[in-house]
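According to our numbering, the stretch in the sequence shown is residues 38 to 287, in order. Heads up: the structure comes next, in structure tokens.
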Amino acid sequence: MRIPTGSGRPRSALSGLIGSLLFVAIGVAMILGGSGGDGGIVGVVFFSVCAGFFAWQLRPDLLETERRSAETLLSLYPGPVVLRGSARKYLFASAGLAAFGLVGLQTLLTEQAPPLMQVMVWPGVVLSLCAAPMFILVAVRGVSLQLTGEGFVMRDAWQTRRFSWADAVGFTAFTFLNSLNSSNRIVVFDDTTSGTTRIARLNRKLTGRNTALPETFGLDPDDFAALLTAWRDRAVRARVESGSTPPERP
């Protein structure tokens, strides 16, 4: 089975990168010209973070350690095959969140911001500064996905979950917008054993599926979903041919 190669690059990322670099240049000019040094420094830091984020959106492979293609991974069936998340990616995210939070904190403490602005900015500052060390923890503990002929094991910094291929169906890529109006894409699926828990209902309402994978491990989300679907099809077909399980209903 040939897995199609997806594009998976947000169209807004390039314009966001160009705009961020323009504001970085303006901030540098303010600093060098002596017309607003503090504001220039804050602007340079903030928009440098934005530029780094948009560059990451354009070239997510720059921070990935997993270089194998979906077709190569499928050829390794029935495995086991282990996909590992890149620690560099989580450290980069942690640095960006810390920079954003510190810039916001410095602005709130040194500028006479109106009450409405403080109400809007403080939650973002607190969340950013709290999330930064959490991403470092994820980088240290690692995120991985192990594929076998029986199922897959999903590990992140907080838990380990095991799924059989019979219980995991409907792998698909889902796109959502983040706070910078740039699209992120993840792979979602239905875990038939999850029942009707509150989290499962919320996930289904947001994405159309009740479970999501923590990342795509350097693969385009469409390719990753196709890989998991093809791997599952082979596993289910092998079980049917061995007589260990009845054929699935169409």
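All C-beta atoms in this analysis are idealised placements derived from N, C-alpha and C, irrespective of residue type, glycine included.
Item to check | 9 Å Cβ cutoff met for residue 176 and residue 128 | outcome: Taking C-beta atoms as the reference points, residue 176 and residue 128 count as a pair closer than 9 Å.
Checklist entry - When we look at the beta-carbon of residue 97 and count the other beta-carbons within 10 Å, is it buried (16 or more) or exposed? => result So residue 97 ends up on the buried side.
Checklist entry - Can you pull the DSSP bridge partners for residue 188? => result According to DSSP, residue 188 shares a beta bridge with 201.
Checklist entry - Can you name the start and end residues of the alpha helix (DSSP H) that residue 264 belongs to? => result That run of the alpha helix (DSSP H) goes 258-279.
Item to check | residue 263 vs residue 115 beta-carbon contact at 9 Å | outcome: In terms of Cβ geometry, residue 263 and residue 115 do not form a close pair [threshold 9 Å].
Item to check | Test item: CB-CB of residue 61 and residue 136 under 9 Å | outcome: Remark: C-beta atoms of residue 61 and residue 136 do not approach each other more closely than 9 Å.
Next on the checklist: Closest to residue 83 by C-alpha separation, out of 123, 269, 132, would be which residue?
Outcome noted: Nearest option by C-alpha distance: 132.
Next on the checklist: For a minimum of 4 consecutive residues, which ranges assigned as the alpha helix (DSSP H) are wholly contained in the stretch 99-168?
Outcome noted: Listed in chain order, the alpha helix (DSSP H) elements of length 4 or more contained wholly in the stretch 99-168 are 107-111, 124-147.
Checklist entry - From 236, 81, 144, 203, pick the residue whose C-alpha is nearest to that of residue 189; which is it? => result Among 236, 81, 144, 203, the Cα nearest to that of residue 189 is on 203.
Item to check | Spatial distance of residue 217 from residue 54 (CA atoms) | outcome: For residue 217, the predicted model reports a pLDDT of 49, less than 50, meaning its position is unreliable and no value from the coordinates is stated.
Item to check | Backbone secondary structure at residue 222 - three-state DSSP | outcome: In the structure shown, residue 222 sits in a strand (DSSP, three-state: E or B).
Next on the checklist: Taking the straight line between their C-alpha atoms, what separation do you get for residue 80 and residue 154?
Outcome noted: Residue 80 and residue 154: Cα-Cα distance of roughly 17 Å.
Item to check | Extent of the continuous alpha helix (DSSP H) run through residue 240 | outcome: Segment 235-244, the alpha helix (DSSP H) holding residue 240.
Item to check | Of the listed residues 209, 256, 88, 68, nearest to residue 269 (C-alpha basis) | outcome: Answer by Cα proximity: 209.
Checklist entry - Does DSSP classify residue 88 as helix, strand or coil? => result Of the three classes helix, strand and coil, the one that applies to residue 88 here is helix, per DSSP.
Item to check | Beta carbon of residue 224 nearer than 9 Å to that of residue 183 | outcome: Contact flag unset, no.
Next on the checklist: Quick check on this structure: which residue in 254, 172, 95 has the alpha carbon closest to the alpha carbon of residue 101?
Outcome noted: Among 254, 172, 95, the Cα nearest to that of residue 101 belongs to 254.
Checklist entry - Which word fits residue 110, buried or exposed, when buried means at least 16 other C-beta atoms lie within 10 angstroms of its C-beta? => result Counting Cβ neighbours within 10 Å, residue 110 comes out buried, since at least 16 surround it.
Next on the checklist: I need the straight-line Cα distance from residue 272 to residue 200, nearest angstrom please.
Outcome noted: When rounded, the distance between both Cα atoms is 13 Å.
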